[in-house]
Amino acid sequence: GVDALIRDEIANPKKLAIGGYSYGGYLTNWLITQTTRFNVALSGAGGVENVVDWGTNDMPISNFYFLDGFPWEKPDRYQREAAIFQLDQVRTPTHIVTGENDIRVPVAHSYLLERALYALNVPHKLIVFPNEGHNIDRNPWHEKIKIREELKWLHKYGHICVSTCEESLLSNGTN
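Residue numbers for the sequence shown follow my numbering, so the first one is 108 and each next one is one higher.
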């Protein structure tokens with residue numbers, strides 16, 4: 108795992124990033140509640156609350172499968188494995204992206220995460236892409252913007268070195 112990468116000097120323990128999209132976003136949101144070893148996070152369309160997710164997403168069977176039952180059968184597990192109830196532990200600067208019309212992981216999850224990080228004074232940025240669903244593929248510029256903003260976030264926290272040309276592309280005239 109991560110410890111082996113650090114031991115083998117493949118990863119720098121002071122520059123560990125975590126990120127994922129969809130279920131990877133869910134795992135990212137969970138991991139930043141469990142450890143402070145990552146100094147930056149990228150969360151894309153990631154859930155934070157399991158009961159609402161079960162009731163509102165287009166694949167409720169996934170919650171049933173991963174959490175071993177319905178919310179009324181396993182209420183403790185649905186709560187124990189939901190990041191929302193442990194967000195007070197987060198210290199990791201977190202970049203959040205989602206589609207406004209996502210029915211797989213409704214945008215409310217990203218709003219909950221953003222509101223909690225704001226209340227906790229944790230550095231964060233939320234980008235909600237208008238008229239986009241789960242895959243952010245309806246407007247080709249949105250994926251380009253998503254990648255650019257994620258690279259800027261990583262750069263801000265010391266994870267990528269960029270040339271002058273790349274710096275110009277990343278800034279796009281804004282900071």
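Every residue, glycine too, gets a C-beta built ideally from N, C-alpha and C.
Residue i versus residue j - alpha carbon distance
i: Y225; j: H231; result: 7 angstroms
i: F171; j: P213; result: 17 angstroms
i: I139; j: G151; result: 14 angstroms
i: L261; j: K251; result: 15 angstroms
i: G153; j: D115; result: 31 angstroms
i: R184; j: P237; result: 33 angstroms
i: N157; j: R245; result: 27 angstroms
i: F173; j: D160; result: 12 angstroms
i: P178; j: R187; result: 12 angstroms
i: A215; j: Y130; result: 16 angstroms
i: G132; j: H202; result: 11 angstroms
i: C272; j: W248; result: Confidence in C272 is poor, its pLDDT being 48 and thus under 50, which makes the residue's placement too unreliable to answer from.
N-terminal and C-terminal residue of the beta strand (DSSP E) that residue i is part of
i: I149; result: The residue you asked about is not Ile; residue 149 is Leu in the sequence shown. V147 to G151 is the extent of the beta strand (DSSP E) around L149.
Which residues DSSP lists as bridging residue i, in chain order
i: L233; result: I203
i: G126; result: L149
For residue i, the first and last residue of its enclosing alpha helix (DSSP H)
i: G131; result: Y130 to Q141
i: W161; result: N157 to T163
i: P167; result: P167 to F173
i: D183; result: P182 to R187
i: R198; result: Per DSSP, R198 belongs to no alpha helix (DSSP H) and is neither H nor E.
i: V109; result: V109 to R114
Residue i beta carbon near the ligand ZN (any heavy atom closer than 7 angstroms)
i: V159; result: The model on display carries no ligand, and the ligand ZN is accordingly not part of it.
C-beta atoms of residue i and residue j nearer than 8 angstroms
i: A124; j: H266; result: yes
i: T205; j: N146; result: no
i: D175; j: R211; result: no
i: A190; j: N136; result: yes
Enumerated in chain order, which unbroken segments of the alpha helix (DSSP H) with a length of 4 residues or greater are wholly contained in the stretch 214-269? 215-226 and 247-263
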